[in-house]
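Take a look at the structure set out below.
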DNA sequence: CTGTTAGCGCATTCAC
DNA sequence: GTGAATGCGCTAACAG
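Protein chains in written order, with UniProt numbering: chain C, 1 to 339; chain F, 1 to 339.
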């Protein structure tokens, strides 16, 4: 059975004063005689008094709680985002209420309403992959609850964002492949419907353009394609692919597998760059070049942004783009530099 | 600015009844004339009324909230535990308040008090690596807040546990290595002070004993040893090691690296089994044999246990041991079966 | 300086 | 059936 906690009234009774006096003494605000204040404080400490935030919330209409909706927990990227968020919110004295959408919009909607019901002071969310309903987002905005969207962008939702600069990230990767002399660069796209997929593809195209290289349709594959493996094989055998840039590190590993089967040497014959900098990238052989998105910093930044928004609703509504870092490892061929 | 939500009183005023009546109509409990009940319900829906859980909490002394303390978020294992917990709590209508200790006991203590202050209905926690203070745990118990400890066990704390059967998990791995004919089996231990480290080591010893193999001190290394890499090298070159069982998958990858340097073939000359079944295990080459701890199930089980405890404080205090699964992959040599 | 009053939103007595 | 009263724990406005 949950034991009754000692309340302000308990210590008021014990000291023959009113709860108001106790409240004032404890909060320092009002004027209380030095003698009583000390008495009260010492008794409070002795009794292990801890204020009830529930009561305060009811009164103040603030809960000191941030709601968080993530598409999944298991992905390394999101756990880093979570860690970044927590590092900021805990320091700021906020609790973190956590939900997942499991990449399912219905669950996202449910989670959103749950958080709204819980009267969180603000919401951080990454929208799920399939998103065609926006009423729940509208409801958040209507309720006046500050909202910051993380990682994934949607044209339909006008709110603060903290996202990764996928365009530049992809551009830097493909630009690098071009620089080291790759002539036929394969790209495997991510899930449809995701801003990240689109932007990384755009970065790929732009880098090709910069180097005056044609965009070859047969070198652009879809990760959702059931025949993906076959098509990669075709690219590797028929189309003289000597470079690859994939939407994720795991897709890069698919290329590793096929290259190994086909006895194609990485990086000598094929340079590969993935995306996300999964920890596995440095353990696999050859170590994988990839694009680091600074997920921890992304989480921290979005939390800071949200807290600002909570404390000052006039804070500008902007899309913050986080720089990516190109991590070149063993999977890219080394070009002799003429010195 | 957070907009004022519509309350039970608002709809009472609109309908010329008292809040009591509205409350009864909405909760179904008391007797309300059918006409009024319908009126009230329809207006409530129209106005988008949602009960304020804060007010209910204050009244009921229950928050429908579970507190969770994890040593870290980033580790794959803990994110699976988290996912398992969430899958249960969300279905049961509980919120999840999340904290991390960062493997630091002071932060663990702080988080514990935060959760207690927040009046969570129960706490799930994995104690941090270094643990020598137990007052905060005692405080949880004194407060009457149900507590279930996950993954790591401590003799000092008497409370429900859900842990993995590390002994059997380790035993099954080393037993397998013996069965396929390994004669000199290296073990790399985990961090001191952890029940998991101890139990896996015990499992290692017991398997050796079963096969009448001597425990060789020089084949047991400490992961915290600054000279670990050198010592592994020594084992591999001098001590005819032909099998290895490590506290974690990542330690197994250290062996992979050294074996590659020393031109020792895995699994032909050296069979390796890790622990935890990190996703990376199936991507690395050769794919790593390992022990799966069912972290999702562990999370789910601990959440179920806690909910039971919350609903019935008389629930037995026990240590639930979760079965492990030995995952044999390419890193173990194949023995011809005589058929 | 300190006590009284009131109210945050709700559910639960107890009268009528 | 329904309203009035009470209180969960706390703070704030107002008296004194």
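Beta carbons: idealized from backbone N, C-alpha and C, even for Gly.
- The C-beta of residue 192/C comes no closer than 7 Å to any C-beta of chain F.
- A straight-line Cα-Cα distance of about 21 Å links residue 140/C and residue 55/F.
- The C-beta distance from residue 301/C to residue 320/C rounds to 6 Å, short enough to fall under 8 Å.
- The beta-carbon of residue 304/F is placed no less than 7 Å from the nearest beta-carbon of chain C.
- Sequence-distant Cβ neighbours of residue 80/F in its own chain, meaning closer than 6 Å and more than five residues away, are 295, 296.
- Annotation: the region 209-280 of chain C contains the following complete segments of the alpha helix (DSSP H) (minimum length 4 residues), in chain order: 228-238, 249-261.
- If you draw a straight line from the Cα of residue 145/C to the Cα of residue 83/C, it is about 23 Å long.
- Counting only runs that start and end inside the UniProt domain "HTH lacI-type" (6-60) of chain F, the alpha helix (DSSP H) elements of at least 4 residues fall at 8-15, 19-27, 34-47, 53-60.
- Exposed is the label assigned to residue 227/F, since fewer than 16 other Cβ atoms lie within 10 Å of its Cβ.
- The beta-carbon distance between residue 197/F and residue 190/F, rounded to whole angstroms, is 4 Å. This is short enough to meet the 8 Å contact definition.
- As DSSP reads the structure, residue 291/F sits in a beta bridge with 326/F.
- Contact between the region 26-37 of chain C and the region 58-71 of chain C is not established, with fewer than three Cβ pairs separated by less than 8 Å.
- Collapsing the DSSP output to three states places residue 82/F in a helix.
- Taken in chain order, the whole alpha helix (DSSP H) runs of length 4 or more contained in the region 98-171 of chain F are 105-117, 135-142.
- In this structure, residue 57/F keeps its C-beta atom at 7 Å or more from the C-beta atom of residue 3/C.
- In the DSSP assignment, residue 181/F forms no beta bridge with any residue.
- Between residue 184/C and residue 239/C, the gap from beta carbon to beta carbon is short of 7 Å.
- In the structure shown, the three-state DSSP call for residue 65/C is strand.
- Residue environment analysis places residue 278/F among the buried positions, since at least 16 neighbouring C-beta atoms fall within 10 angstroms of its C-beta.
- When Cβ-Cβ separations below 7 Å define contact, residue 328/C makes no contact with chain F.
- Between residue 221/F and residue 188/F, the gap from beta carbon to beta carbon is short of 7 Å.
- Using beta-carbon distances, residue 144/F counts as an interface residue toward chain C, with a partner under 7 Å.
- The closest CA to that of residue 210/F, considering only 232/F, 173/F, 312/F, is found on 173/F.
- In this structure, 163/C is the residue among 93/C, 199/C, 163/C with its C-alpha nearest to the C-alpha of residue 126/C.
- Residue pairing by DSSP places residue 320/F opposite 162/F in a beta bridge.
- Assignment of beta-bridge partners to residue 188/C by DSSP yields 221/C, 246/C.
- Note: residue 70/C is bridge-paired with 100/C in the DSSP secondary-structure output.
- The beta-carbon of residue 275/C is placed no less than 7 Å from the nearest beta-carbon of chain F.
- Contact with chain F is absent for residue 101/C, since none of that chain's Cβ atoms lies less than 7 Å from the residue's Cβ.
- About 19 Å separates the CB atoms of residue 266/C and residue 223/C; that is not less than 8 Å, and the two are not in contact.
- For residue 117/C, the nearest beta carbon of chain F is closer than 7 Å to its own beta carbon.
- What residue 63/F touches in chain C, judged by beta-carbon distance under 8 Å, is 54, going in chain order.
- Neighbours of residue 95/F in chain C, taken as residues at a C-beta separation under 8 Å, are given in chain order as 97, 114, 118.
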